[in-house]
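S.K.:
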Amino acid sequence: MTIMDNESPTTEETPIQKFYAGQSIFITGGTGFLGKILIEKLLRSCPNVSMIYLLVRSKKGQSVIQRMDTLFDDPVFERLKIEVPKFRHKVAAVSGDCALPELGLSPGDRDSLVREITIVFNVAATVRFDEKIKDAVTINVRGPKEILNLCRSIANLRAVIHVSTAYSNCTRDNIDEKFYAPTISADSIMELVQSIDESKLEKITPTLLGNYPNSYAFTKQIAEQVVKQYGKDLPIGIFRPAIVVSSYKEPVAGWIDNVYGPTGALVGAGAGLIRTLQINKNCTAEIVPVDYTVNALISTAWDVANNKNEAADPPIYNYYSSWNNGISWGDYMELSMKYGMKMPAVRTLWCYTLTITSNPVMFYIYSLLLHIIPALLVDIGLCVIGQKPKAIKIYRKIHKFAAVTAYFSTHMWKFSNENTRGLWDNLTPEDKKLFQFSMLDFDWNDFLYKCVVGLRLYAFKDDPSTIPIAKKRMAKFLVLHRAIKYGFFGLVFWLTYSFLSFVFSWGLTSSFSTISEPGEDFIKMALHKTKFTDDIKINAVRLSDFNGSGVYSNDLRINDNNNMTNIINENGGNTRTPIQDFYADQNIFITGGTGFLGKTVIEKLLRSCPDISTIYFMVRSKKGHNVADRVDDLFNDLIFDNLKKTSPKFRHKLVAVAGDCQSPNLGLSESDRELLIREVSIVFHSAATVRFDEKLRIATAINIGGSLAMLNLCREMKKLKAMIHVSTVYSNSHVDEIGECIYTYSMEYEKLDKMVNSLSDEAIDEMLPSLLQKWPNTYTYTKALAEQVIHKGSKDMPVGIFRPGIIISAAEEPLPGWTDNYYGPIGATVAVQLGLLRGVYYNPAVRANVVPVDYTTNALIASAWDVANRSDRRKEKMMVYNYVSTVDAPLFWTDYYNYCEAAGSMYPALKSKWHVTFTPTSSKLYWSLLVIFIHLLPAIIIDLFAKCTGNKPQMHQMLNKILKYLNLIQPFTLKDWEFTSDNVQQMWNNLDTKDKQYFKFSLKGWDWPEYFKTYMKGIKVYLLKEDLNTLPASYKRQQKLLWLYRATKALFGLFIMWMVWKMVTLFI
0 MTIMDNESPT
10 TEETPIQKFY
20 AGQSIFITGG
30 TGFLGKILIE
40 KLLRSCPNVS
50 MIYLLVRSKK
60 GQSVIQRMDT
70 LFDDPVFERL
80 KIEVPKFRHK
90 VAAVSGDCAL
100 PELGLSPGDR
110 DSLVREITIV
120 FNVAATVRFD
130 EKIKDAVTIN
140 VRGPKEILNL
150 CRSIANLRAV
160 IHVSTAYSNC
170 TRDNIDEKFY
180 APTISADSIM
190 ELVQSIDESK
200 LEKITPTLLG
210 NYPNSYAFTK
220 QIAEQVVKQY
230 GKDLPIGIFR
240 PAIVVSSYKE
250 PVAGWIDNVY
260 GPTGALVGAG
270 AGLIRTLQIN
280 KNCTAEIVPV
290 DYTVNALIST
300 AWDVANNKNE
310 AADPPIYNYY
320 SSWNNGISWG
330 DYMELSMKYG
340 MKMPAVRTLW
350 CYTLTITSNP
360 VMFYIYSLLL
370 HIIPALLVDI
380 GLCVIGQKPK
390 AIKIYRKIHK
400 FAAVTAYFST
410 HMWKFSNENT
420 RGLWDNLTPE
430 DKKLFQFSML
440 DFDWNDFLYK
450 CVVGLRLYAF
460 KDDPSTIPIA
470 KKRMAKFLVL
480 HRAIKYGFFG
490 LVFWLTYSFL
500 SFVFSWGLTS
510 SFSTISEPGE
520 DFIKMALHKT
530 KFTDDIKINA
540 VRLSDFNGSG
550 VYSNDLRIND
560 NNNMTNIINE
570 NGGNTRTPIQ
580 DFYADQNIFI
590 TGGTGFLGKT
600 VIEKLLRSCP
610 DISTIYFMVR
620 SKKGHNVADR
630 VDDLFNDLIF
640 DNLKKTSPKF
650 RHKLVAVAGD
660 CQSPNLGLSE
670 SDRELLIREV
680 SIVFHSAATV
690 RFDEKLRIAT
700 AINIGGSLAM
710 LNLCREMKKL
720 KAMIHVSTVY
730 SNSHVDEIGE
740 CIYTYSMEYE
750 KLDKMVNSLS
760 DEAIDEMLPS
770 LLQKWPNTYT
780 YTKALAEQVI
790 HKGSKDMPVG
800 IFRPGIIISA
810 AEEPLPGWTD
820 NYYGPIGATV
830 AVQLGLLRGV
840 YYNPAVRANV
850 VPVDYTTNAL
860 IASAWDVANR
870 SDRRKEKMMV
880 YNYVSTVDAP
890 LFWTDYYNYC
900 EAAGSMYPAL
910 KSKWHVTFTP
920 TSSKLYWSLL
930 VIFIHLLPAI
940 IIDLFAKCTG
950 NKPQMHQMLN
960 KILKYLNLIQ
970 PFTLKDWEFT
980 SDNVQQMWNN
990 LDTKDKQYFK
1000 FSLKGWDWPE
1010 YFKTYMKGIK
1020 VYLLKEDLNT
1030 LPASYKRQQK
1040 LLWLYRATKA
1050 LFGLFIMWMV
1060 WKMVTLFI
């Protein structure tokens, strides 16, 4: 069904019709909302127009011809097809793009336009408020300049109209029909966006925008200066419409094809999704119907042609609604909702409820109660029934929409429109009837009725015959809405009462242990379990353990005698162990030497194998640091401090080689490659991208391609005694029982490499789940295929594969507790210590396959010795070492959390942001509730407070990163694998007594509670950079945070009671 308001035909041509008769018109943006109506109106009301040329670009896989067919399939052209059925011969599409130099026109098309056209409407623009500044400048600033360059070549040019916006100068309260000086010139901003990369542009965008609310208004203001600068001697004018919405009368009443601005708000509210908006109901809603807007636009070209004055600035036409009877936002929303209730849509998801407020704080509160919490509950329900959660994703878009439109719905401007009124006064009665655009005495009631009818028909695609069904559906929703609302109020009252009763009956008990007398050992803390698990666990500290410098070193067992050279000398001169003898006089090549494991390997080899000849390690430039800078940074790490004392000249045994595993042939120079081939006898390939969410293209290049390149290099080494490829014990996580053997896969590297290099990232992402199957991420998947490449290409080479578990902090050497990263469970533990993470989702029956980095390094070093001695284990019998803790020292994730909690209370963080509480759960539903109530809600409140105090809100963003990180490591806390480690056990048994002392890696008899004291201490010292002499201050801070935590809980409970009471009085 189409709603039409018919016009009475005129017998003679009006002045405006005569102006357009025989003219050829060029339109940019003709496929957009305003452009469609402009085309339709010109063809229907100016029947003697000669030709309309449309600039059209290919888009979303559609060619120019396909887009033209789609354009004229729109219902807006139905009336034209009836009245002027052969109109299409007057419309020609020209392939081009406003974002390209010279509009992307071919020479032939450009010549045709220059020869034919006489009138130009530049309507094209990117109207996205959050458009990247580079794209906005390219289209909205450079595009108009290219249009003017074209216009200068047109010999018979009669008029050019540049469509701007009434809000191009929205930083001013009073906006007249004149030019205002921009904050930056058009040439400067165009040069700037082309000379700076996008990441830097994004950072400086707020500075560039200044007081402008978005990149759209900012670039449209600069575009007006382009018109003034480059179009002054042309017959040109600027048309500034306000917010353009549905049509009022023609060609069909209520027509709309988008959900921008207030239209989006009405559609969202009509669908039952938007329940609150930030609007000042007293501000004027400067909205104009699209048909009236186009009539004014068509008239301005006639006016410009008839009143050309080359000495004056181009005329500007402000077109807005409040000529004499504007409508407020409050009345606009009220009338819209009134008609919306009478004509509801069939496809609504809930009943209509809309609460508007101009107060940003109240808007955040309403958003939390009416949007976020219901969305979270819906997503939890979807998860429970096995569906993909999507409500929160929808509300992210809604809140983004609300944020970009709030500026225009909470501010008011005073416009002048002398030029527009003068234009209207100059029109003949016939033209006023044919091209009606006066907003004097506009009937808002009738207009908004037709808007709602149009929204139902064109946005919701609901036939009017469905209104009775929709009303019945709405009535059911209303009953359900009230039942849920009253039930929710009752539940909140009950929960608040129970909560406050608990707080005030329990909150005064002390949670600090008694500090022991000096000289006592640490008291093992009995964890006080309560419903909220919120006591601070602090153990007594031996005061004698603090040395004069304030460094708590005794318990860390840091001493100058952990250098194995000293031990060797004490135990018999220059006698070497078998492993030391194996490494003596050898040249070693290490990739990944700047990483966590790589650093430890380098340090250990230099300290425990003093007779090695040279260690070559591959280094690439990174983040602006060249190879030399990165080497200096490497040896500034604390892990090398003891080595610097015992072997101050150790660096003469180290040679950095520039290279990159992502480059062909490892990116090695020819001379470096020849050097390595000639000298190296032992290789450790530990380089990899360990990011779980790495793009498959990058992970394939580094983890598989780099491994193949390394194997090819090793094949040329004449002195090669052993090559160890460092994989991961989870490389074969697609099986439940992982043995020390090579697994085969249907996918091969060559096929995968060809695929990832021929497809776009988007296409790869779409097919990624089917590729990964049972692998949890691209890291484990590519490490599996890397093993296949190594096995396939090794032939009779002395090659072995070393598969460690989850590598965490050092246990004993060179620095107990040392770590330099936040990977794996370490990152989660740090977040808990800082009070940022307060729960985790896990399976208590799953074992935490964690291994200390120093023990892992010892096993890795020993594996090269073992591979060299096992000449019977080549190719099919290749040595594979599963280095895991689950065989000799099983640790469940429950134990991990408990040990961290107990040891963490001994070493609280001075940098902690909140009181440390932690609630692990094996229930997905309970975890979802924990995310809402102890993570998301506090983050929103903190960000709200930050925004109100003029600070940048960042807690929610930080929380999103933490939750994303937890999702990435979750597969390893939810599933258990069975591992065999016979080769590792046999290797340990083959070591002699001294090697077992110097290269200890067996975990039999391992004391996890004792280790976690070192672990948590190391986190404080090496990651949080807090000396142990800060412990007294840390204890005091935790005590203050505890009381603040309890006070906040009590106040929050009272606040919830007050909010419920206010809402009850509001709605009942």
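Position 606 of the sequence shown, counted from 1, bears residue number 605 in numbering that gives the first Met the number 0, the numbering being contiguous throughout.
Positions of the beta carbon are idealized from the N, C-alpha and C atoms, including for glycine.
1. Which same chain residues end up closer than 6 Å to Lys1071 when comparing Cβ atoms and leaving out the 5 residues on each side of it in sequence?
2. Where does the unbroken alpha helix (DSSP H) through Ser49 begin, and where does it stop?
3. Could you check where the beta strand (DSSP E) with Ala657 kicks off and where it finishes?
4. Would you mind sorting Thr779 into buried or exposed? The rule is 16 or more other CB atoms within 10 Å of its CB.
5. So, with DSSP's three-state summary, where would you put His398?
6. Answer with buried or exposed for Val728, where buried requires no fewer than 16 other C-beta atoms within 10 angstroms of its C-beta.
7. When you compare only the Cα positions, how much space is there between Glu101 and Ile138?
8. By a C-beta neighbour count over all protein chains shown, 10 Å radius and 16 as the cutoff for buried, is Met709 buried or exposed?
9. Output the boundary residues of the beta strand (DSSP E) element that contains Ala92.
10. Judging by CA-CA distance, which residue of Asp312, Cys608, Thr13 and Gly339 is the nearest neighbour of Lys177?
11. Thinking just about the alpha-carbon of each residue, which of His410, Val689 and Ile371 is nearest to the one in Trp328?
12. Mapping the DSSP letters down to three states, classify Phe683 as helix, strand or coil.
13. Taking only the alpha-carbon atoms, compute the straight-line gap between Gln22 and Asp302 and give it to the nearest angstrom.
14. Can you tell me the Cβ-Cβ gap for His955 and Ala938, rounded? I've got them flagged as a contact below 8 Å.
15. By Cβ distance below 6 Å, which residues in the same chain neighbour Thr777 in space, the five residues on each side in sequence not counted?
16. Name the one or two DSSP bridge partners that His161 has.
17. In the DSSP assignment, the alpha helix (DSSP H) including Met766 goes from what residue to what residue?
18. Phe978 to Leu770, Cα distance in whole Å?
19. Quick check: what's the CA-CA separation for Ile153 versus Gln953?
20. Using only the heavy atoms of the ligand ADP, determine whether one of them is closer than 8 Å to the beta carbon of Leu433.
21. For the beta strand (DSSP E) containing Gln435, list its first residue and its last residue.
22. Kindly indicate which residue of Tyr1034, Phe932 and Gly705 has the alpha-carbon position closest to the one of Ile371.
23. Name the two residues that bound the continuous alpha helix (DSSP H) containing Met332.
24. Does DSSP put Tyr1010 in a helix, a strand or coil?
25. Could you pull the start and end residues of the beta strand (DSSP E) that Val113 belongs to?
26. From the DSSP output, read off the bridge partner residues of Gly799.
27. I need the DSSP call for Val75, collapsed to helix, strand or coil.
28. Could you check the C-alpha separation between Leu99 and Thr918 for me, to the nearest Å?
29. Which residue comes first and which comes last in the alpha helix (DSSP H) that contains Pro359?
30. When we look at the beta-carbon of Asp610 and count the other beta-carbons within 10 Å, is it buried (16 or more) or exposed?
31. Leaving out five residues on either side along the sequence, give the residues of the same chain with a beta carbon under 7 Å from the beta carbon of Arg239.
32. Have a look at Asn635 and Thr593 and give me their C-alpha separation to the nearest angstrom.
33. Would you say Cys350 lies against chain B (beta-carbon separation less than 9 Å)?
34. Please specify which runs of the beta strand (DSSP E), each continuous and at least 3 residues long, are wholly inside the stretch 223-290, giving them in chain order.
35. Provide the residue span of the alpha helix (DSSP H) that contains Met617, from first to last.
M.R.: Straight from the coordinates:
1. For residue 1071 there is no data in the structure shown, the boundaries of the chain being 0 and 1067.
2. It is not in any alpha helix (DSSP H) - Ser49 carries neither H nor E in the DSSP assignment.
3. Leu653 to Ala657
4. buried
5. helix
6. buried
7. 12 Å
8. buried
9. Val90 to Ser94
10. Asp312
11. His410
12. strand
13. 15 Å
14. 5 Å
15. Glu693, Leu695 and Ala698
16. Asn121 and Ile237
17. Asp760 to Leu771
18. 24 Å
19. 53 Å
20. The ligand ADP is absent from the structure shown, which contains no ligands of any kind.
21. Gln435 -> no beta strand (DSSP E), and no H or E assigned at all.
22. Phe932
23. Trp328 to Lys341
24. helix
25. Careful: Val113 lies outside any beta strand (DSSP E), inside the alpha helix (DSSP H) at Pro106 to Glu115.
26. Ile723 and Met878
27. helix
28. 56 Å
29. Pro359 to Ser366
30. exposed
31. Ser163, Thr164, Ala165, Ser167, Ile315, Tyr316, Asn317 and Tyr318
32. 12 Å
33. Although the question refers to chain B, the structure presented lacks it and comprises just one protein chain.
34. 235-240, 242-244, 275-277 and 286-288
35. No alpha helix (DSSP H) contains Met617, which is instead part of the beta strand (DSSP E) from Thr613 to Val618.
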